[in-house]
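Going down the list, the sequences are from chains P and H. Sequential numbering of the first sequence, starting at 1, is according to full-length UniProt numbering. Sequential numbering of the second sequence, starting at 1, is according to full-length UniProt numbering. We treat Cβ as the ideally placed atom computed from N, Cα and C, and that holds for glycine. Take a look at the structure set out below.
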Amino acid sequence: MNLSTFKARKASMLPGLCLSLLLMESATPALAEDGERPTLTVYTYESFVAEWGPGPGVEKAFEAQCRCDLNFVSLGGGVDILQRLRLEGDSTQADVVLGLDMNLIEEARRLELLAPHGVDLTPLDLPISWNDDTFLPYDWGRFAFIYDSEVLPEPPKSFEELLDAPEDLKVIISDPRTSVPGLGLLLWIKHVYGDQADEAWQRLQPHILTVASGWSQAYFSLFMNGEAPMVLSYSTSPAYHMAVDETDRYQAAEFSEGHYLQIETAAMLAGSEHPELAQQFMDFVLSKDFQREIPLGNVMYPAIDLGDELPEVFGRLIDPGSFTFSPQEVSANRQSWIREWLNATSH
Amino acid sequence: MRPVTECHHQPWWRRAEANRLILPAALVAVLLVAAVGLGSLGALLMQAPNMDVSRLWQEPWLSAILRFTLLQASLSTLLSLGGGVLVAVVLARRPVFPGRSLLLRVMEMSLVIPSLLALFGLVAVHGRQGWAASLLDYLPPGGTSSPAYLYGLSGIVLAHVFFNLPLSARVMLQALEQAPSAHWRLVAQLGLSRGSVWRTLEWPQIRPLLPRLAALVFTLCFTSFAIVMTLGGGPGSSTLEVALYQALKYDYDLALAALLAMTQLLICLGLWALAMKAGSHAPLVVAGGTVAGPVSRRDAHGWRRLSDAVVVLGLVGLLLPPLLAIVVAGLGGVPDLLGDGGIWLAALRSLAMASGAGLGAVMLALLLLAGSSHLRQHGRGLLASLIEGSGQLILVLPALVLGTGLFMLLRPGLGSDLQGYALVVLVNALMALPFAMQVLRAAVTGLSGAQRRLADQLAVHGWSRLRWLIWPNLRRPLALAMAYGMTLSLGDFSVIALFGSPSAPTLPMLLYQQLGSYRWQSAAATALLLLVLVVLVFAVLSALTRKLPRYVWRPGSVDTTGLTSGGETATAPATREEEP
């Protein structure tokens with residue numbers, strides 16, 4: 001008996017059928033259609049599977065070619081995907097995980113649950129070279145400070161300018177211990193300033209309005225309320241504002257020192273019950289059918305050259321130099337770098 | 001009076017033996033709570049090979065975090081309770097004024113709105129570019145400095161008071177309204193001054209609530225995560241849960257996570273033990289009938305109108321603008337909202353889960369309270385406190401530990417999505433338990449010794465006692481407790497995020513998805529819908545229990561028994577109900 005029918009029977013044995021129908025509306029129609037199709041389970045994060053995110057388009061395109069059911073399980077974020085893998089170990093239901101960023105790769109690799117992806121990497125179009133045989137990039141972006149051009153017509157052009165700016169220029173950042181962009185900024189400053197990073201943090205300190213717990217708090221609760229003219233986010237954020245909100249008001253500040261990279265990856269599980277399907281999905285990741293959902297669905301850069309299919313607004317984004325630490329360096333130093341940040345910024 | 005022998009013909013659930021069911025039922029509830037709470041902590045401990053308590057002292061930031069947390073939580077608790085007393089006394093003194101019931105709805109709302117939304121509202125009002133700032137610009141001094149009180153200790157305390165003052169005031173108001181009607185009439189007849197009313201009636205009514213309420217508010221402030229971090233201004237203002245998050249999610253250091261969780265558990269449970277000791281004596285005034293007819297109070301006239309008005313306006317000024325900011329932001333997205341089928345399905349899903357969580361919380365709270373009051377009546381005070389204390393366990397356990405521990409325990413069984421949702425409902429119910437217990441306590445323990453003895457003599461047992469003596473007093477608190485339970489679950493994202501979910505989102509999940517994709521307008525509209533649902537839940541449950549029950553005892557029929565004081569009096573409609 002395959003997994004999907006087993007799941008359906010288990011559910012029907014439980015009381016509260018109404019509730020189950022309501023809660024499981026996504027799974028039920030596919031089963032009714034054809035009970036024999038295998039299910040490929042993909043762990044990913046919330047915004048990927050949103051109605052307007054890349055998930056639905058990816059699911060439709062993949063199901064058209066695989067004669068299977070693509071089942072997304074959405075978790076809070078990349079860290080939660082890693083956490084779920086740790087907790088489940090060999091017994092995980094996942095066939096593929098989608099959403100581990102570079103800073104989580106080493107920890108995930110150490111679990112020894114993942115298999116080589118075997119995908120030809122030549123179509124990759126990243127700012128850095130990539131030859132990892134387990135983790136396959138599916139999109140990327142750069143961390144950047146987004147500014148409100150109506151309040152701040154002349155944003156700083158470099159980290160140095162930001163650090164030297166008058167004290168009333170405030171920025172909103174997020175905590176590296178609980179947020180992905182927060183960790184990104186920590187690594188960004190470490191990469192630019194090296195041993196002087198703690199000094200840079202002390203110079204940045206007067207400009208920090210507050211350190212939010214997460215990106216949503218920083219961007220939505222504070223920045224969109226006009227609390228500060230600059231917020232830590234991604235350089236691709238303005239693409240959404242320009243394409244969907246149709247406003248040029250919010251732009252990314254380009255720093256001459258270069259910007260830190262964020263690369264998100266997919267990986268397949270060694271213990272997958274459907275290795276061929278998982279492999280088929282990994283091959284699908286770098287296809288145009290998958291990648292064209294990324295720019296406006298995930299508001300990130302696609303991992304391949306989409307040519308004309310790249311939305312026009314992406315051509316109007318900043319295009320600075322970029323860099324990154326290796327996943328091994330991040331894994332080895334993250335704790336001590338966070339301690340360094342705590343010491344530099346706690347009073 | 002019926003001959004006593006007749007009760008042998010009654011079905012078992014009306015006999016005295018039925019009273020004995022209370023204890024086993026309460027025990028089952030305790031076991032359930034303890035299994036979930038201690039079980040999840042235990043699962044974490046099992047996986048953590050070498051526990052070394054000294055690590056706690058080696059972490060340099062720990063004492064700093066603890067000191068800051070104690071400071072902000074104590075301040076927040078003090079202000080929330082102090083303000084709450086003021087507001088409750090004024091609202092009890094003014095049973096009728098335009099907009100009173102609306103104000104009560106708003107008070108109920110502030111506790112349960114998701115912290116992310118509250119943050120948005122508070123920033124829109126109190127932030128550097130907020131409404132308050134633009135108001136201040138008009139003031140004579142006309143200083144150029146924008147107010148910066150939102151970031152730092154003052155902002156954290158402001159946010160916590162915004163959350164907790166209304167809850168405290170709401171619970172205290174309910175206690176004041178349950179003071180025996182005879183007392184209020186006496187106060188009116190004697191024309192007591194404000195100070196005397198306070199000493200003789202209000203303070204004795206409020207005082208028994210304070211220790212537990214303080215412990216609850218302190219715990220909420222102690223564990224508040226997003227508020228403290230985001231408004232704190234820097235890493236110096238943080239909570240234990242940040243360290244825990246780091247230990248559990250990034251470092252996968254289960255031993256440290258378990259240590260931190262136990263630190264929090266010990267501090268908060270210690271506090272609860274203190275509170276229970278301080279408040280363990282029975283309430284001086286037993287819950288009685290509500291006031292019959294409007295009472296004209298001497299202390300409610302003249303210039304005192306002004307001071308009362310100031311308090312009410314202060315409350316309105318604290319609560320309404322942030323909520324209004326959320327509503328204003330959401331209005332723009334409403335047209336899109338109406339045509340979006342997904343959001344309505346999400347709302348239905350959320351409501352279904354909230355109903356489950358609300359019912360669960362209320363049932364568990366009733367069982368625990370009935371069990372502990374039964375024990376207390378039989379002189380087993382310590383055991384009673386223990387049972388009652390178990391209800392607080394889930395609140396003082398970090399959600400992250402709860403989620404991870406439960407996942408470890410149940411992993412092989414977590415097969416279907418439905419089971420995942422059921423688990424969320426269960427945990428939500430347990431998280432709402434302390435609130436439900438707070439609201440229900442007075443009503444459950446409400447039968448006085450004399451009433452109980454009389455009921456025993458008259459052989460009013462089991463089901464009959466519940467139906468005729470306890471239920472009339474219980475209806476409205478029950479509705480309020482159910483509403484808190486439902487709406488807390490409605491706005492909860494923390495638990496559902498722990499277990500992961502299929503593509504069918506609940507309302508808060510939808511909200512976060514929208515935020516994560518820059519859809520501010522839709523997110524604000526979703527937030528608005530969430531607020532509307534919260535108001536609806538409170539309004540509907542309040543309306544359902546507003547009318548007097550049909551079976552209310554007729555005038556004069558039973559007054560001689562003295563039992564009427566245990567229920568709502570039938571002599572006149574209960575005009576001191578919340579709504580005019």
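Could you tell me which of the options sits nearest to residue i, measuring between CA atoms?
i	options	result
ASP95 (chain P)	P:SER74, P:LEU286, P:GLY271 and P:LEU342	P:GLY271
ALA253 (chain P)	P:VAL244, P:MET268, P:THR210 and P:TYR234	P:TYR234
ASN428 (chain H)	H:LEU490, H:SER372 and H:TRP61	H:LEU490
ALA179 (chain H)	H:LEU201, H:VAL30 and H:LEU190	H:LEU201
LEU454 (chain H)	H:LEU382, H:GLY82 and H:LEU469	H:LEU469
SER331 (chain P)	P:ASP69, P:ILE81, P:LEU183 and P:PRO56	P:LEU183
PRO24 (chain H)	H:SER372, H:GLY516, H:SER542 and H:GLY405	H:SER372
THR265 (chain P)	P:ASP101, P:THR210, P:SER346 and P:GLU36	P:ASP101
VAL334 (chain H)	H:ASP308, H:MET51, H:LEU32 and H:ALA525	H:ALA525
VAL285 (chain P)	P:ILE105, P:GLY118, P:SER129 and P:PRO166	P:GLY118
residue 378 (chain P)	P:LEU204, P:PRO176, P:GLN279 and P:ASP168	Nothing can be reported for residue 378 (chain P), as the shown portion of chain P is limited to 1 through 347.
MET224 (chain P)	H:LEU515, H:LEU541 and H:PHE538	H:LEU515
VAL244 (chain P)	P:GLU257, P:PHE145 and P:GLY297	P:GLY297
TRP341 (chain P)	P:ASP132, P:GLN205, P:PHE143 and P:TYR43	P:GLN205
GLU36 (chain P)	P:GLU51, P:CYS68, P:LEU113 and P:TYR250	P:CYS68
GLN246 (chain H)	H:LEU400, H:ILE22 and H:TYR138	H:LEU400
ILE263 (chain P)	P:PRO38, P:PHE48 and P:TRP130	P:TRP130
Since residue i is in the beta strand (DSSP E), which residue starts that stretch and which ends it?
i	result
TYR260 (chain P)	259–269
LEU21 (chain H)	Note, LEU21 (chain H): premise wrong, no beta strand (DSSP E); not H, not E.
ASN71 (chain P)	69–75
THR404 (chain H)	It is not in any beta strand (DSSP E) - THR404 (chain H) instead sits in the alpha helix (DSSP H) that spans 399–410.
LEU126 (chain P)	LEU126 (chain P) -> no beta strand (DSSP E), and no H or E assigned at all.
GLN335 (chain P)	From DSSP, GLN335 (chain P) is part of no beta strand (DSSP E) but of the alpha helix (DSSP H) over 327–345.
TYR518 (chain H)	Where TYR518 (chain H) is concerned, there is no enclosing beta strand (DSSP E), given that its DSSP letter is neither H nor E.
VAL231 (chain P)	230–234
VAL328 (chain H)	Counting along the chain, VAL328 (chain H) falls outside any beta strand (DSSP E), though it belongs to the alpha helix (DSSP H) covering 304–331.
Where do the N-terminal and C-terminal ends of the alpha helix (DSSP H) with residue i fall, by residue?
i	result
ASP101 (chain P)	Where ASP101 (chain P) is concerned, there is no enclosing alpha helix (DSSP H), although the beta strand (DSSP E) it sits in stretches over 96–101.
ALA148 (chain H)	Segment: none, ALA148 (chain H) is in no alpha helix (DSSP H) and carries neither H nor E.
LEU337 (chain H)	334–338
MET107 (chain H)	100–112
ILE156 (chain H)	153–177
THR263 (chain H)	254–278
ALA200 (chain P)	197–204
TYR245 (chain H)	240–245
Which whole-angstrom value is the C-beta distance of residue i and residue j, which I expect to be below 8 angstroms?
i	j	result
LEU232 (chain P)	PRO181 (chain P)	5 angstroms
GLY83 (chain H)	VAL171 (chain H)	The Cβ separation is near 13 angstroms, so there is no contact.
VAL228 (chain H)	THR239 (chain H)	5 angstroms
ILE173 (chain P)	LEU187 (chain P)	The Cβ separation is near 13 angstroms, so there is no contact.
LEU529 (chain H)	ALA347 (chain H)	6 angstroms
GLY360 (chain H)	ALA527 (chain H)	In fact, because the Cβ distance is near 26 angstroms, the residues do not count as touching under 8 angstroms.
THR545 (chain H)	VAL112 (chain H)	The pair is not a contact, with the Cβ atoms about 19 angstroms apart (cut-off 8 angstroms).
Requested in this report: Examine the Cβ distances between the stretch 222–238 of chain H and the stretch 81–98 of chain H and report whether three or more of them are shorter than 8 angstroms.
Outcome: no
Query - Segment contact flag, the stretch 196–213 of chain P with the stretch 130–141 of chain P, C-beta cutoff 8 angstroms, min 3 pairs - result: no
Query raised in the report: For the 8 angstroms Cβ check, are there 3 or more pairs between the stretch 165–176 of chain H and the stretch 99–118 of chain H?
Result: yes
Requested in this report: Taking only runs that begin and end inside the stretch 28–70 of chain H, name each unbroken beta strand (DSSP E) of 3 or more residues, in chain order.
Outcome: none
Query raised in the report: Can you list the alpha helix (DSSP H) stretches of 4 or more residues lying completely in the stretch 479–516 of chain H, in chain order?
Result: Those alpha helix (DSSP H) runs which fall completely within the stretch 479–516 of chain H and span 4+ residues are 494–499 and 507–516.
Requested in this report: Output the residue ranges of the beta strand (DSSP E) runs that lie fully inside the stretch 134–182 of chain P and measure 3 residues or longer, sorted by chain position.
Outcome: Taking only runs of at least 3 residues, the beta strand (DSSP E) segments lying wholly in the stretch 134–182 of chain P are 136–148 and 171–174.
Query raised in the report: Does the count of Cβ pairs from the stretch 262–282 of chain H and the stretch 186–198 of chain H closer than 8 angstroms reach three?
Result: no
Requested in this report: Could you say if the stretch 363–373 of chain H and the stretch 383–400 of chain H meet the contact criterion of at least three C-beta pairs nearer than 8 angstroms?
Outcome: The stretch 363–373 of chain H, when compared against the stretch 383–400 of chain H, does touch it at the 8 angstroms Cβ threshold.
Query raised in the report: Does the pairing of the stretch 473–487 of chain H with the stretch 432–447 of chain H give three or more beta-carbon distances under 8 angstroms?
Result: yes
Query raised in the report: Using 8 angstroms as the Cβ pair cut-off and three pairs as the minimum, do the stretch 237–252 of chain P and the stretch 509–521 of chain H touch?
Result: yes
Query raised in the report: On the three-pair Cβ rule with 8 angstroms, is the stretch 44–61 of chain P touching the stretch 286–301 of chain P?
Result: yes
Query - Cβ contact (3+ pairs, closer than 8 angstroms) linking the stretch 397–407 of chain H and the stretch 51–62 of chain H - result: no
Query raised in the report: Along the chain, which unbroken stretches of the beta strand (DSSP E) at least 3 residues long are found entirely within the stretch 356–402 of chain H?
Result: none
Query raised in the report: On the three-pair Cβ rule with 8 angstroms, is the stretch 223–230 of chain P touching the stretch 138–153 of chain P?
Result: yes
**Report entry** Contact the stretch 121–132 of chain P vs the stretch 210–225 of chain P: 3+ CB pairs below 8 angstroms
**Finding:** no
Query raised in the report: Below 8 angstroms, can you find three or more Cβ-Cβ pairs linking the stretch 324–338 of chain H to the stretch 503–513 of chain H?
Result: The stretch 324–338 of chain H vs the stretch 503–513 of chain H: no contact.
Report task. Examine the Cβ distances between the stretch 199–213 of chain H and the stretch 179–190 of chain H and report whether three or more of them are shorter than 8 angstroms. Result -> yes
Requested in this report: Indicate whether the contact test is met: 3 or more Cβ pairs, each with one atom in the stretch 150–158 of chain H and one in the stretch 338–354 of chain H, closer than 8 angstroms.
Outcome: no
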